[in-house]
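>
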Amino acid sequence: MAYRSYKELTVWQKAMSLTDEVYWLVKKLPSKEAFALSDQMRRAAVSVPSNIAEGHGRHTEKEFKNFLSIARGSCYELETQLFICNRQGYLTDNEIKPALDLIDEIGKILTVLILKTKN
Numbered sequence: 059m060a061y062r063s064y065k066e067l068t069v070w071q072k073a074m075s076l077t078d079e080v081y082w083l084v085k086k087l088p089s090k091e092a093f094a095l096s097d098q099m100r101r102a103a104v105s106v107p108s109n110i111a112e113g114h115g116r117h118t119e120k121e122f123k124n125f126l127s128i129a130r131g132s133c134y135e136l137e138t139q140l141f142i143c144n145r146q147g148y149l150t151d152n153e154i155k156p157a158l159d160l161i162d163e164i165g166k167i168l169t170v171l172i173l174k175t176k177n
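In case it helps, my numbering puts the sequence shown at residues 59 to 177.
This is the structure we're talking about:
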């Protein structure tokens with residue numbers, strides 16, 4: 059890998075921004091969702107940069123690719139949860155758009171990295 063630190067990876071930096079966005083959004087959810095949807099959303103958001111970092115730290119291409127795939131899965135899990143929040147009337151289209159845009163961008167970067175990473 060060409061990067062000495064996972065913190066240099068643009069995708070990790072964007073994933074950290076996504077986590078910040080999600081933590082801001084879950085504060086808007088009703089208290090009845092504090093231990094359900096909001097908790098699940100925070101865990102999914104934290105999973106994205108965490109898996110990028112962990113995979114990078116494993117120092118093998120195969121493991122890095124596996125952890126990138128897990129991070130991508132967490133992106134789509136979070137995307138689904140944002141859609142649920144919107145459908146339930148908890149968050150508006152405008153409120154979730156920045157997070158959805160980041161998820162789309164991160165997902166594309168992860169897909170390219172996965173395809174370029176050797177088995």
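Every residue, glycine too, gets a C-beta built ideally from N, C-alpha and C.
In its own chain, which residues sit with a C-beta less than 7 Å from the C-beta of E135, not counting the 5 before and 5 after it?
Position 77 of the sequence shown, counted from the start, is the residue given in the question as residue 135. The answer, listed in chain order, is A102.
> To the nearest angstrom, how far is the alpha carbon of R145 from that of T175?
Residue mapping note: residue 145 aligns to position 87 of the sequence shown, counting from 1. Residue mapping note: residue 175 aligns to position 117 of the sequence shown, counting from 1. Taking the straight line from one Cα to the other gives about 37 Å.
> Leaving out five residues on either side along the sequence, give the residues of the same chain with a beta carbon under 6 Å from the beta carbon of S132.
Here residue 132 is taken as the residue at index 74 of the sequence shown, counted from 1. Answer for S132: A102, S105, V106, listed in chain order.
> Determine the DSSP secondary structure at M74, reduced to helix, strand or coil.
Translated into positions along the sequence shown, residue 74 becomes position 16. Helix, per DSSP.
> S63 by DSSP, collapsed to three states: which one?
Indexing the sequence shown from 1 puts residue 63 at position 5. In this structure, S63 counts as coil in the three-state DSSP scheme.
> Given this structure, state the Cα-to-Cα distance separating M59 from A94, to the nearest angstrom.
Your numbering for residue 59 matches position 1 in the sequence shown. Your numbering for residue 94 matches position 36 in the sequence shown. The pLDDT assigned to M59 is 46, lower than 50, so where the model puts this residue is not dependable; a value taken from the coordinates is nonetheless given after this. About 38 Å.
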